[in-house]
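Residue numbers (the working numbering): 689 to 853.
Okay, structure coming up:
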């Protein structure tokens with residue numbers, strides 16, 4: 689057996705979603721940058737939403753990160769904000785297929801026509817995500833089909849603005 693599926697967006701796909709102004713708070717996973725010298729170990733996929741200042745990381749908690757152990761090479765101590773940026777500043781949000789499907793509207797209205805969302809796996813290993821009679825997105829990956837659909841929905845004013853920055 690040769691499985692081709694991914695558990696979530698790649699870092700490159702995540703960057704594309706962020707460029708579309710998708711709110712990182714909608715992500716349900718995180719690529720955490722580990723600073724490993726081994727390039728294959730530099731990114732650790734974590735099954736938790738990105739660390740965001742507005743939720744768990746309040747200014748008071750961030751300030752408590754300032755400890756005598758976090759110093760610059762010249763010996764001066766880092767502030768809590770600097771420690772936070774050092775630990776989590778390079779993290780990249782990631783979206784699972786399930787989360788992407790949750791973000792997509794189940795139906796859209798173009799003019800007087802209502803179109804219901806559908807995702808199909810074709811026999812030629814293609815994934816077809818469509819709003820019939822309006823637009824369809826066929827790729828080798830259901831995640832990529834969702835990203836293309838989100839791009840199109842944003843461009844055409846059909847995406848929930850609550851999920852955007």
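Cβ coordinates follow ideal geometry from the N, Cα and C atoms, glycine included.
In angstroms, rounded to a whole number, what distance separates the CA positions of residue i and residue j?
| i | j | result |
| --- | --- | --- |
| residue 818 | residue 808 | 8 Å |
| residue 804 | residue 822 | 10 Å |
| residue 770 | residue 724 | 19 Å |
| residue 742 | residue 811 | Note that residue 742 scores 49 on pLDDT, short of 50, meaning its location in the model is unreliable; the coordinates nonetheless yield the value given after this. So the two alpha carbons sit approximately 45 Å from each other. |
Below 8 Å CB to CB, which residues in the same chain sit around residue i once its five sequence neighbours on both sides are set aside?
| i | result |
| --- | --- |
| residue 718 | 733, 734, 736, 737, 738, 739, 779, 780, 781 and 782 |
| residue 841 | 792, 793, 796 and 847 |
| residue 722 | 729, 730, 731 and 732 |
Between which residues of its own chain and residue i is the CB-CB distance below 6 Å, once the five residues before and five after are set aside?
| i | result |
| --- | --- |
| residue 814 | 826 |
Return the bridge partner residues of residue i from the DSSP annotation.
| i | result |
| --- | --- |
| residue 819 | 823 |
| residue 806 | 818 |
| residue 720 | 732 |
| residue 834 | Answer is none; residue 834 lacks a bridge partner. |
| residue 696 | 784 |
Are the CB atoms of residue j and residue i within a distance shorter than 7 Å?
| i | j | result |
| --- | --- | --- |
| residue 831 | residue 785 | yes |
Would you be able to state if there are at least three C-beta pairs under 8 Å between the stretch 792-802 and the stretch 747-761?
no
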